[in-house]
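Offset between the sequence shown (1-based) and our numbering: plus 50.
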Amino acid sequence: MIDTNRPLLNSTCPICNKPLGRNKNACSMKCYAKLKSHYKLCIICGEKFQDSPSNLNKTCSSLCSVENRKRLAADGVNTAAMKKANEMASKSPLTGRFETHMHAKEWVIQTPDGQIYKCRNLKNWLREHEDMLDGTVRQAWMA
Ligand SMILES: [Zn+2]
Ligand SMILES: [Zn+2]
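Next comes the structure, spelled out in structure tokens:
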């Protein structure tokens, strides 16, 4: 009967290439410690994978690598959208007709007569209440 848990006799230490002998992962504790330090955690699935520290791999497999690139691409799109929103905001700070999740916070606005308004999108609200935009809106803050 073959014990599959035991390394083949010709297995060598992945660190120093000496024969493994009776050891499973590395020839010695020293090499085993090195071997362990060569493990990284996949940023996508959290799985441990073996890689040299000098390598820039952050994912365990090509599948995870594809997923990682997808996420990076999505980040790039969001960054571009935010940049565009910022550009528009700087050109037309109060009347821009755009909506991004960046502005989807809850805002509380107090008008001079003490009326409190709550809104999810400050810019949309200000667009709808442009008559108040002559500098009379006293307070606007995030809830
Ligand atoms: Zn070794
Ligand atoms: Zn992975």
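Ideal Cβ positions, reconstructed from N, Cα and C, are used throughout, including at glycine. Since the structure is predicted, the reported quantities are computational estimates derived from the model, not experimental observations.
With a threshold of 16 other CB atoms inside 10 Å of the CB of Ala76, please say whether the residue is buried or exposed. buried
Within its chain, find whatever has a CB closer than 7 Å to the CB of Cys81; leave out the 5 residues flanking it on each side and keep chain order. Cys63, Ile65, Cys66
Paired residues, beta bridge with Thr161 - DSSP: None, per the DSSP bridge assignment.
Can you list, in chain order, every residue whose CB sits closer than 6 Å to a heavy atom of ligand 2? Cys92, Ile94, Cys95, Glu97, Thr109, Cys110, Ser111, Cys114
Complete beta strand (DSSP E) runs within the stretch 101-143 (minimum length 3 residues, chain order): none
Using the three-state DSSP reduction, which class does Leu176 fall into: helix, strand or coil? helix
Unbroken alpha helix (DSSP H) run spanning Leu91, endpoints: No alpha helix (DSSP H) contains Leu91, which is instead part of the beta strand (DSSP E) from 89-91.
With a threshold of 7 Å between beta-carbons, can Gln160 be considered close to chain D, or not? No chain D appears in this structure, which consists of one protein chain only.
Lys168 vs Val158 beta-carbon contact at 7 Å: yes
Roughly how many angstroms separate the alpha carbons of His88 and Arg121, rounded to a whole number? Going by the C-alpha atoms only, they are around 25 Å apart.
Span separating the alpha-carbon of Glu117 from that of Ile166: 45 Å
Just confirm the distance between the C-beta atoms of Lys90 and Phe99, as a whole number of angstroms; I'd bet it's less than 8 Å. The beta-carbon separation of Lys90 and Phe99, rounded to 6 Å, stays under the 8 Å limit for a contact.
For Cys66, does the three-state DSSP call read helix, strand or coil? coil
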